[in-house]
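Peer 1: I have a structure I would like to understand better, so I am pasting it below and will then ask my questions one at a time.
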Amino acid sequence: MIIRPATTSDIPSITEIYARSVDQEFVSFELEPPDDVEMLKRMNGLKAKNYPYLVAEVENQVAGYAYASAHRPRPAYSKTVESTVYVAPQFWRQGIASSLLTALVETCRKQKFREMIAIAACEPHAELSDIPSIQLHLSNGFVDSGRLKSVGHKHGKWLDIVLMQRSL
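Structure, rendered in structure tokens:
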């Protein structure tokens, strides 16, 4: 596995990975998957603001991606970033998400960010230990910072979000 900065040529794979998550999972509250043009615009927007955008490559195939973005737009939040990690299902449970998150944390640390926030969706009453995204972050140094109940509606269900935080 190679973790490297994402490039324009990675966009079709990134778009495909994200589209599946939008269509079939709760991890994103987006309801319609964006196309390659929109995903490229988003990536370029983050990179223009010096946020890291990484991909994990396995045998010349993009297995997953991760990026940091502004947690909130106001200047007082400028040293706090939000993490995002997606992995193609055929690469789940192979350590790729953890490797991406580790690289993202380290890159953000080197860029002098102070705090990283992660937000994970879950069904009401779900146990945190049953949610892979939450376990990924907790096992990588994040702490549970609270749960907002029934704040999103997707696939016919009201969903909670769990907030996690890690000092960099």
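If you want the working numbering, it's the position in the sequence shown, counting the first as 1, plus 266.
Here a beta-carbon is modelled for each residue, glycine too, at the ideal position from N, C-alpha and C.
The model shown is predicted, which means the values in this text are computed figures rather than measured ones.
Along the chain, where does the beta strand (DSSP E) that runs through His419 open and close?
Peer 2: Reading the sequence shown from its first residue, position 153 is the one you call residue 419. From DSSP, the beta strand (DSSP E) with His419 extends over 409-420.
Peer 1: Tell me, which residues are paired with Lys423 by DSSP?
Peer 2: Here the question's residue 423 lines up with position 157 in the sequence shown. According to DSSP, which records beta bridges pairwise, Lys423 is partnered with Lys420.
Peer 1: One question on the structure: do Ile385 and Met430 come within less than 9 angstroms of each other, judged by their Cβ atoms?
Peer 2: Numbered from its first residue, the sequence shown carries residue 385 at position 119. Numbered from its first residue, the sequence shown carries residue 430 at position 164. Cβ atoms of Ile385 and Met430: closer than 9 angstroms.
Peer 1: According to DSSP, is Gly311 helix, strand or coil?
Peer 2: Start at 1 with the first residue of the sequence shown, and residue 311 comes out as number 45. DSSP places Gly311 in helix when its eight states are reduced to three.
Peer 1: Per DSSP, which residues does Thr350 bridge with? Please list them.
Peer 2: Within the sequence shown, residue 350 is the residue found at index 84, counting from 1. Looking at the DSSP assignment, Thr350 forms a beta bridge with Tyr333.
Peer 1: In its own chain, which residues sit with a C-beta less than 7 angstroms from the C-beta of Lys313, not counting the 5 before and 5 after it?
Peer 2: The sequence position of residue 313 within the sequence shown is 47, counting from 1. Taken in chain order, the residues that qualify are Tyr319.
Peer 1: Of the residues Val409, Val303, Gly418, Leu370, which one's Cα is nearest the Cα of Glu389?
Peer 2: As a first step, residue 389 is located in the sequence shown; it is residue number 123 there, counting from the start. For Glu389, the nearest C-alpha among the options comes from Gly418.
Peer 1: What residue range is occupied by the uninterrupted alpha helix (DSSP H) comprising Tyr319?
Peer 2: In the sequence shown, counting from the first residue as 1, residue 319 sits at position 53. Here Tyr319 belongs to no alpha helix (DSSP H); instead the beta strand (DSSP E) covers 319-324.
Peer 1: On the DSSP bridge list, what partners appear for Gln401?
Peer 2: As a position in the sequence shown, residue 401 is number 135, starting the count at 1. Looking at the DSSP assignment, Gln401 forms no beta bridge with any residue, so it has no partner.
Peer 1: Would the beta-carbon of Phe295 fall within 9 angstroms of that of Ala387?
Peer 2: Taking the sequence shown and counting its residues from 1, one reaches residue 295 at position 29. Taking the sequence shown and counting its residues from 1, one reaches residue 387 at position 121. Yes.
Peer 1: Can you tell me the Cα-Cα spacing of Ser364 and Leu402, whole angstroms?
Peer 2: Working through the sequence shown from its first residue, we reach residue 364 at position 98. Working through the sequence shown from its first residue, we reach residue 402 at position 136. Ser364 and Leu402: Cα-Cα distance of roughly 6 angstroms.
Peer 1: For the alpha helix (DSSP H) that contains Pro278, what are its first and last residues?
Peer 2: Here residue 278 refers to the residue found at position 12 when the sequence shown is read from its first residue. Boundaries of the alpha helix (DSSP H) harbouring Pro278: 277-290, taken from the DSSP string.
Peer 1: Pull up the CB-CB distance for Glu381 and Lys345, whole angstroms please, since I reckon it's below 8 angstroms.
Peer 2: Sequence index remark: in the sequence shown, residue 381 carries index 115 (1-based). Sequence index remark: in the sequence shown, residue 345 carries index 79 (1-based). Their Cβ separation, rounded to whole angstroms, is 7 angstroms, which keeps Glu381 and Lys345 in contact under 8 angstroms.
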